[in-house]
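4 protein chains.
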Amino acid sequence: MKVLDHGYVKLIETWGSDESVISAARMSTNKGFLGWGTEKEPGDEKLLKYLWKHQHFSPFEFGGMIVEIKAPILVFREIMRHRVFSFNEASARYTMLPNENYLPTLDRLLQVNEKSTNKQASGTGKVLTNENALQWLDSLSKLYNHAQQVYENGIELGVAKELARLPMPVARYSKLRASANLRNLLGFLKLRMAEDAQWETRQTANAISLLVKEAFPRTYQLFSESK
Amino acid sequence: MKVLDHGYVKLIETWGSDESVISAARMSTNKGFLGWGTEKEPGDEKLLKYLWKHQHFSPFEFGGMIVEIKAPILVFREIMRHRVFSFNEASARYTMLPNENYLPTLDRLLQVNEKSTNKQASGTGKVLTNENALQWLDSLSKLYNHAQQVYENGIELGVAKELARLPMPVARYSKLRASANLRNLLGFLKLRMAEDAQWETRQTANAISLLVKEAFPRTYQLFSESK
Amino acid sequence: MKVLDHGYVKLIETWGSDESVISAARMSTNKGFLGWGTEKEPGDEKLLKYLWKHQHFSPFEFGGMIVEIKAPILVFREIMRHRVFSFNEASARYTMLPNENYLPTLDRLLQVNEKSTNKQASGTGKVLTNENALQWLDSLSKLYNHAQQVYENGIELGVAKELARLPMPVARYSKLRASANLRNLLGFLKLRMAEDAQWETRQTANAISLLVKEAFPRTYQLFSESK
Amino acid sequence: MKVLDHGYVKLIETWGSDESVISAARMSTNKGFLGWGTEKEPGDEKLLKYLWKHQHFSPFEFGGMIVEIKAPILVFREIMRHRVFSFNEASARYTMLPNENYLPTLDRLLQVNEKSTNKQASGTGKVLTNENALQWLDSLSKLYNHAQQVYENGIELGVAKELARLPMPVARYSKLRASANLRNLLGFLKLRMAEDAQWETRQTANAISLLVKEAFPRTYQLFSESK
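In the order they appear, the protein sequences are chains A, B, C and D.
If you use my numbering, the first sequence corresponds to residues 21 to 247, in order.
If you use my numbering, the second sequence corresponds to residues 21 to 247, in order.
If you use my numbering, the third sequence corresponds to residues 21 to 247, in order.
If you use my numbering, the fourth sequence corresponds to residues 21 to 247, in order.
Quick look at the structure:
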């Protein structure tokens, strides 16, 4: 699933299901258990809704997902902020990150002119013209090339990889594999699919949400309705 | 898998594998990924050992397990102490726990006389005779009946379930479903399979360890050697 | 601060303050920092409200509290359920717990007859009469004595402490010391001060809430209004 | 406490003490408690050692520390990796980060030629000459200026702050406030004071370790001996 200009979100594995959530919740009342993957029984729909509505979230820890994500460093910085994922990321100490940097589209840049834009995250109130935006994208692209040149030159001269990376912009793409349970995934999605989240992180969150919807359709439905 | 007189440990689901651990670790060096379930490639054995030996534990968060456990409350109290499991337990507020209580065997009671016994957890240094042990087991069994009688009588008289349970001994069996990743499972097993852990909790940990060994044989091998 | 018949909640130490929360939040905008313990500046009240209303909870992790609690085991079981406290509890493996057990008052028992009672946690719908309640309390008290007798007898005969405790009821008082940050404390209080929480645990939560109110008055005010 | 060319580590607050750790541990044996700040009693030294040696780490959660750190983004990326800190960081979405970037010293660059250097993190095996190192530092410095120019130009043209930051290098300084308990602090220090940790992160860890040593001298002593 493509995200931004060079990124992606890819499902590695899921565990559990909507039925696992229900099954875990039934432990409390000792009511016997659903077999995994069995058809839903009467009353289940109601139980799942009940759990969600009354914020009994612990049964939602009985499912989860491992995904692989390629995104700019600044997006990863926001994702890691949540401290709910297990993750392993490509390390520029040990490997040279390929020369891929996030270059926003013209449309993305011009969002700043929209009324609804998060004022804090926007500019000084000036209108960004098409021409200026294109010019800035061009200068950004050149800066990326310059940074890459300093990076590669460092490696060639014998600078340690862990230092040669210093010029890399936060726009540089990296990769990671992340694991989280359903409860934490939904907590993450709630914050990062929100309107005031950085647009780039939101694209990543949106892509993850499609995977969650596919694997846990009934839970995702409840989540969507309550957003 | 039977544990103690009325308990069990039952596998509900696993996710990931030894290969998932390796695959997650390879993110760091961006070396490409193993397909899931593929045969191990040359060098993998070495990588897994390297991760374990150098305590790079985060890749071991990319596998995990959900188990269902039936055990006495005092065992659950020790398990919950670890704060690494997601769990849902049968609640005596909402359901009457069946009349099952842990009654140790004579052999278990007589362990106290062994030299190697954890001194802190043992008695006053007196030798426990066979006769005294049998007599105490008999009095314990009678106490269990008495407690159950007060419990049932409370329910009959209209006492709320959440109060009627007050007489229940910590030997009472309860059930729960627990989920944890491989790293945390091994941390738990290390402490609770140890010689100085309470014997009853150790039986439960031993049963879980067999499930871990089955699902993650190569990692478990490394764990066993380092204990 | 007395709680229930033999319990208490006692403040050991707090760290941070409402001002620390604000100060931590100000890192985001790099606006300079409040000195600790300084008078509040204009605009602070608004910032704290903003954080709370928009669920920016991470700054609330910059204060916290250590408390010592004495309560029945069944209350501790609910508290530990939250997995947000660091705690150390008295261990009946190493020490004999004193003969103190929670005996509810007559009023507490009769709550079951109130209309508003949580139906799930209550009895069979029968009305609990004064006479029956008193009779049950009497039988409960006798059971406590019986359990203690088996416990002490075990110790005398040479049964290991870790087994001699088997007859102890979940009503037995224990002690622990617990530490949590403000964000997690409030999460705990929200669930355990709620109407449908077990009354005994609610008394403990209420006592803790008074300590939180004292140490973090402005945050507690916002919490109270949003409950 | 100065760290690297523009960074620092500053103590904001500590809570607890070596004595709090001992006091929390004593809960287990119900042996009564030390008053906070009292002189150590005979036997305490032994208990602290016992806890550390036998890896009974939970009492070490009863102390902790809040620090403010200014460091390059790539150092923060490694610190956040640990998921054990509560933190709030300056956000380039809301504020312009000042034009401060980490420029290593010549000596630091030449470390790559030392035999003991972590091979994975180093270059291609070439010897880095003084001249080449100086030349690279010069080109790095020019790249920083170029990146800053694109950044500032974006802001002037009306590009949103959250996008104008794209050219910022991972060498850019940021600030954060972080909170962790003693157990987690020591876990962090163990990994990041190690020889194979990135040198820049190690400088930050070393500075934090001095604060830990000051606030928890007896625990820190045990930690140092076991490294």
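C-beta atoms are modelled at their ideal positions from N, C-alpha and C, and glycine is treated no differently.
Only a predicted model underlies this, so the values are computations on that prediction, with no experimental measurement involved.
- For residue 98/A against residue 218/A, the beta-carbon gap comes to about 6 Å, under 8 Å, which counts as contact.
- Per the C-alpha coordinates, the member of 208/D, 81/D and 235/D positioned closest to residue 222/D is 208/D.
- Segment contact: the segment 197-208 of chain C against the segment 99-107 of chain C, three or more CB-CB distances shorter than 8 Å; contact assigned.
- The beta-bridge partner set that DSSP reports for residue 197/B consists of 88/B and 108/B.
- The C-alpha of residue 42/A is placed about 44 Å away from the C-alpha of residue 113/A.
- Nearest CB-CB separation between residue 208/A and chain B: not below the 8 Å threshold.
- For residue 247/C, there is no enclosing beta strand (DSSP E), as DSSP marks it with neither H nor E.
- Burial check for residue 237/A: the Cβ neighbour count within 10 Å stays below 16, so the residue is exposed.
- Within the segment 208-236 of chain C, the alpha helix (DSSP H) runs of at least 4 residues that lie entirely inside it are, in chain order, 219-235.
- Residue 71/A and residue 149/C have their C-alpha atoms spaced approximately 34 Å apart.
- Under a criterion of Cβ atoms nearer than 8 Å, the residues of chain B adjacent to residue 45/A are, in order, 108.
- Nearest to residue 183/C by alpha-carbon distance, out of 243/B, 115/B, 86/B and 92/B, is 92/B.
- When the alpha-carbon of residue 200/A is set against those of 84/A, 246/A, 23/A and 30/A, the nearest one is in 84/A.
- Residue 75/B counts as exposed, since fewer than 16 other beta carbons sit within 10 angstroms of its beta carbon.
- Taking the Cα positions, residue 30/D is about 43 Å away from residue 127/A.
- Straight-line measurement puts the Cα of residue 169/C at about 40 Å from the Cα of residue 232/C.
- Residue 33/D belongs to the set of residues whose beta carbon lies under 8 Å from a beta carbon in chain C.
- In this structure, the CA atom of residue 242/C is about 7 Å from the CA atom of residue 69/C.
- Within the segment 75-107 of chain A, those residues whose Cβ lies closer than 7 Å to any Cβ of chain B are, in chain order, 78, 79, 81, 82, 86 and 106.
- The C-beta of residue 154/A has fewer than 16 other C-beta atoms within 10 Å across all chains shown, which makes the residue exposed.
- At a beta-carbon threshold of 8 Å, the residues of chain D lying near residue 197/C are 43, 44, 47 and 82, ordered along the chain.
- Beta-bridge analysis with DSSP links residue 23/B to 27/B.
- The C-alpha of residue 234/B lies about 13 Å from the C-alpha of residue 244/B.
- The Cβ atoms of residue 175/B and residue 87/B do not sit closer than 8 Å to each other.
- In the three-state DSSP reduction, residue 121/A falls in the strand class (E or B).
- Neighbourhood of residue 174/B in chain C, by CB distance below 7 Å: 156, in chain order.
- Taking 8 Å as the threshold, the shortest C-beta distance from residue 124/B to chain C falls below it.
- Between the alpha carbons of residue 35/A and residue 81/B lies a gap of roughly 14 Å.
- For the 8 Å CB-CB criterion, residue 196/C and residue 32/C do not form a contact.
- For residue 194/C, the CB contacts under 8 Å within the same chain, skipping 5 residues up- and downstream, are 90, 91, 92, 93, 96, 109, 110, 112 and 117 in chain order.
- The DSSP assignment places 150-177 and 181-184 as complete runs of the alpha helix (DSSP H) inside the segment 135-193 of chain D, in order along the chain (cut-off: 4 residues).
- Rounded to whole angstroms, residue 158/C and residue 123/C show a C-alpha spacing of 10 Å.
- Listed along the chain, the chain D residues whose CB falls inside 7 Å of the CB of residue 188/A are 189 and 190.
- For residue 166/C, the residues of chain B that pass the 7 Å Cβ criterion are 163 and 166, in the order they occur in the chain.
- For residue 114/A, there is no enclosing alpha helix (DSSP H), as DSSP marks it with neither H nor E.
- With a cutoff of 8 Å on beta-carbon distance, residue 167/D and residue 163/A are scored as near each other.
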